[in-house]
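*Asks:* Structure in structure tokens, see below.
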Amino acid sequence: MSTSLNDLSPGMILSEDIHNFQGLLLLKKNTRLSDKNIHMLKSWGISSVRIVGKGTEKYNKNTKSENELKVSVLNEMKKKFSGLLEDPVMEEIMNTATELIVQKRMKNG
Amino acid sequence: MDNNKKIPDLDRIVRHVRDLPTLPRTVLKITSLVNDPQASAKDLSGVITDDQVLTARLLRLVNSSFYGFPKKIATVTNAIVLLGFDAIRNLLLTTSIFGLFKRKSEIDNAVLEKYWDHSLGCAIGAKIIGNYIGYEKIEELFVGGLLHDIGKIVEILFIPDQFEKICAATKEQNILMRIAEEDILGFNHADIGQSLAIRWNMPARLETIIANHHSPDETTQFLKETSIIHISDILCRSLDIGWSGDDVMPALNEQAWKELAIETDDVRMIMEEMQQEFGSLKGLFEY
Chain R
1 MSTSLNDLSP GMILSEDIHN FQGLLLLKKN TRLSDKNIHM LKSWGISSVR IVGKGTEKYN
61 KNTKSENELK VSVLNEMKKK FSGLLEDPVM EEIMNTATEL IVQKRMKNG
Chain B
1001 MDNNKKIPDL DRIVRHVRDL PTLPRTVLKI TSLVNDPQAS AKDLSGVITD DQVLTARLLR
1061 LVNSSFYGFP KKIATVTNAI VLLGFDAIRN LLLTTSIFGL FKRKSEIDNA VLEKYWDHSL
1121 GCAIGAKIIG NYIGYEKIEE LFVGGLLHDI GKIVEILFIP DQFEKICAAT KEQNILMRIA
1181 EEDILGFNHA DIGQSLAIRW NMPARLETII ANHHSPDETT QFLKETSIIH ISDILCRSLD
1241 IGWSGDDVMP ALNEQAWKEL AIETDDVRMI MEEMQQEFGS LKGLFEY
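Read top to bottom, the protein sequences are chains R and B. The first sequence begins at 1 in our numbering and counts up by one. The second sequence begins at 1001 in our numbering and counts up by one.
Pasting the structure below:
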């Protein structure tokens, strides 16, 4: 099922190779989408792509195990960043890292 | 920081550490060619292609997701023409570094690997941040990232007993490793790295990056490059890419952050790319 570029979010995974009009391979199947490569697809005039899953569900639906993992990773992170979280940049880094680590561990099983 | 006073102490240690690596002859030859205004791409290519292993490693790196070029680069000459002498020199250095610090049977190689993972992660982060801010010499940033903690690798391989004490103190007191190093050795891994950079005749820029990556605001020049490595180190630690030897984060240097003017909204994209690229580039390097 094809999803319009406007409905894509970072974290979604391509279920097909994407080529531009010249046949040049832009992104491979199974690539995890990011803001950067979604932007790149738009600049190549690609209007829709196939992704894994229905595409209508929000990718970050929180399953119970994912939530538990997130809590435990966040606790570790807070210890690591202790004393530094008054800096809003460090807070952003910590939160982003937590999400990315959880995502990676969920993906690797 | 009075660098001149510290360096003689370091020289003593570094001189007494047996078998401290020297740069491979080919890399040294390349460096002198790169500095020779008369040298041609053909000259450079000739030196490289004499060494088959080096050639293979270079082409593999150039054709990897390091650049993500759409078309394959088939020859060393093509690579030189496309990337330039400086970039090629730094890429050769990149492929050679790991082989200079060989694993030893008496040490825990699994631990050594985690330190290398961190260095590789930092190198990748430096390249990504460099691209983000439009910095041209990203290959040099990559080398800087690989070498920023080389002092720790030296400690593991060459002064393992003292390294063990440093690790114990770091863990017990829950401090940054460099604080324990300063207590036990009188200097830290950045100082060791700086000393090695000087011995290897590296450009001042690389020497400064390695020496000051903890406190970029202490440099009088190359603030941009040093800030890149400083920030990449922090992002790498936050993502748990490898291990830097301590369980606490260093503070983000305010001046470094201001210097690069990274949008907070873009931090996520940079970190995602770091995670992804580490996954794809790690297989290219043997350590």
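The beta carbon of each residue, even a glycine, is placed where N, CA and C say it ideally should be. Computed from a prediction, not measured in an experiment: that's the story for all the values here.
Are the Cβ atoms of R:Leu74 and B:Glu1272 separated by less than 8 Å?
*Replies:* Taking a C-beta distance under 8 Å as the contact criterion, R:Leu74 and B:Glu1272 do not qualify as a contact pair.
*Asks:* Excluding the five sequence neighbours on either side, which residues of its own chain have a C-beta within less than 8 Å of the C-beta of B:Ala1168, listed in chain order?
*Replies:* Within the same chain, B:Ala1168 has no close Cβ partners at all.
*Asks:* For a contact meaning CB atoms closer than 8 Å, what does B:Ala1261 contact in chain R?
*Replies:* Ordered by position in chain R, no residue passes the 8 Å Cβ test against B:Ala1261, which lies about 12 Å from the chain.
*Asks:* Using alpha carbons as the reference points, say which of B:Pro1070, B:Leu1093, B:Asn1078, B:Gly1068 lies closest to B:Asp1203.
*Replies:* Sequence check: residue 1203 of chain B is Pro here, not Asp. Minimum Cα-Cα distance from B:Pro1203 among the listed residues B:Pro1070, B:Leu1093, B:Asn1078, B:Gly1068 corresponds to B:Leu1093.
*Asks:* Let me check one thing: in DSSP terms, what residues is R:Val49 bridge-paired to?
*Replies:* In the DSSP assignment, R:Val49 is bridged to R:Thr3.
*Asks:* Is the shortest distance between the beta-carbon of B:Glu1277 and the beta-carbons of chain R less than 8 Å?
*Replies:* Interface with chain R (8 Å Cβ-Cβ cutoff): B:Glu1277 is excluded.
*Asks:* Determine the DSSP secondary structure at B:Ile1175, reduced to helix, strand or coil.
*Replies:* In the structure shown, B:Ile1175 falls within a coil segment according to DSSP collapsed to helix, strand and coil.
*Asks:* Exposed or buried, B:Thr1075, counting other C-beta atoms within 10 Å across all chains shown (16 or more means buried)?
*Replies:* exposed
*Asks:* Considering B:Leu1092, what are the terminal residues of the alpha helix (DSSP H) in which it resides?
*Replies:* 1085–1100
*Asks:* Might you give, ordered along the chain, the residues of its own chain that have their beta carbon closer than 7 Å to the beta carbon of R:Glu66, omitting 5 neighbours on each side?
*Replies:* Val102, Met106
*Asks:* Could you tell me which chain B residues have their CB closer than 8 Å to the CB of R:Val89, listed as they occur along the chain?
*Replies:* The contacting residues are Leu1252, Trp1257, Thr1264, Val1267.
*Asks:* Using a Cβ-Cβ cut-off of 8 Å, state whether B:Ser1227 counts as contacting chain R.
*Replies:* No, no contact with chain R.
*Asks:* For B:Ser1227, count the other beta carbons within 10 Å of its own beta carbon; 16 or more makes it buried, fewer makes it exposed. Which is it?
*Replies:* Around the CB of B:Ser1227, 16 or more other CB atoms lie within 10 Å, so the residue is classed as buried.
*Asks:* For the beta strand (DSSP E) containing B:Leu1033, list its first residue and its last residue.
*Replies:* Note, B:Leu1033: premise wrong, no beta strand (DSSP E); alpha helix (DSSP H) at 1025–1034.
*Asks:* Since B:Ile1241 and B:Ile1129 are thought to touch, with beta carbons under 8 Å apart, how far apart are those beta carbons, to the nearest angstrom?
*Replies:* Rounded, the Cβ-Cβ distance is 14 Å, inconsistent with contact.
*Asks:* Compute the Euclidean distance between the alpha carbons of B:Gly1279 and B:Leu1091, then round it to the nearest angstrom.
*Replies:* Approximately 19 Å, taken between the alpha carbons.
*Asks:* Under three-state DSSP, which class holds B:His1189?
*Replies:* helix
*Asks:* For R:Arg13, which three-state DSSP category applies?
*Replies:* Going by the sequence as given, residue 13 of chain R is Ile instead of Arg. Here R:Ile13 sits in strand by DSSP.
*Asks:* Note down, in chain order, every chain R residue with its Cβ under 7 Å from the Cβ of B:Pro1070.
*Replies:* Leu24
*Asks:* So with CB distances below 9 Å, who are the chain B contacts of R:Phe81?
*Replies:* Ser1238, Val1248, Met1249
*Asks:* Taking only beta-carbon positions, decide if R:Asp17 is within less than 8 Å of chain B.
*Replies:* no
*Asks:* Give the interface partners of B:Met1271 over in chain R, defined as CB-CB distance under 7 Å, in chain order.
*Replies:* Thr96, Ala97, Leu100
*Asks:* Just to confirm, is the Cβ distance from B:Leu1281 to B:Ser1040 under 8 Å?
*Replies:* Their beta carbons are not under 8 Å apart, which means B:Leu1281 does not touch B:Ser1040 by this criterion.
*Asks:* Using a C-beta to C-beta distance shorter than 7 Å, which residues of chain R count as neighbours of B:Leu1082?
*Replies:* What B:Leu1082 touches in chain R: nothing, since even the nearest Cβ is about 18 Å away.
*Asks:* On a CA-only basis, which of B:Lys1029, B:Ile1234, B:Ile1198 is nearest B:Asp1051? Give me that one, please.
*Replies:* Across the set B:Lys1029, B:Ile1234, B:Ile1198, the C-alpha of B:Lys1029 shows the shortest separation from the C-alpha of B:Asp1051.
*Asks:* In this structure, what does DSSP give as the bridge partners for R:Ile18?
*Replies:* R:Leu27, per the DSSP bridge assignment.
*Asks:* Below 7 Å CB to CB, which residues in the same chain sit around B:Pro1250 once its five sequence neighbours on both sides are set aside?
*Replies:* Once the five neighbours on either side are set aside, the close Cβ partners of B:Pro1250 are Leu1176, His1214, Ile1234.
*Asks:* Tell me, please, which residues DSSP counts as bridged to B:Arg984.
*Replies:* Residue 984 of chain B falls outside the range modelled here, since chain B spans only 1001 to 1287, and no answer is possible.
*Asks:* According to the neighbour-count rule (16 or more other Cβ atoms, all chains shown, within 10 Å of its Cβ), is B:Ile1153 buried or exposed?
*Replies:* buried
*Asks:* Taking its Cβ as the centre, do 16 or more other Cβ atoms sit within 10 Å of R:His19, making it buried, or is it exposed?
*Replies:* Here R:His19 is exposed, its C-beta having fewer than 16 other C-beta atoms within 10 Å.
*Asks:* Quick check: the Cα distance between B:Glu1225 and R:Lys64, rounded to an integer number of angstroms?
*Replies:* Looking at the two C-alpha atoms, the distance is approximately 43 Å.
*Asks:* Since R:Lys78 meets chain B, which of its residues come closer than 8 Å, beta carbon to beta carbon?
*Replies:* At a beta-carbon threshold of 8 Å, none of the residues of chain B lie near R:Lys78; the nearest stands roughly 11 Å away.
*Asks:* List the residues of chain B whose Cβ lies closer than 7 Å to the Cβ of R:Glu92, in chain order.
*Replies:* Thr1264, Val1267
*Asks:* Spell out whether any CB of chain R is found under 8 Å from the CB atom of B:Lys1282.
*Replies:* no
*Asks:* Suppose contacts are defined by Cβ-Cβ distances below 8 Å. Is B:His1230 in contact with B:Gly1193 by that definition?
*Replies:* no
*Asks:* Taking the DSSP output, what are the residues bridged to R:Arg32?
*Replies:* Checking the DSSP bridge columns, you'll see R:Arg32 partnered with R:Ile13.
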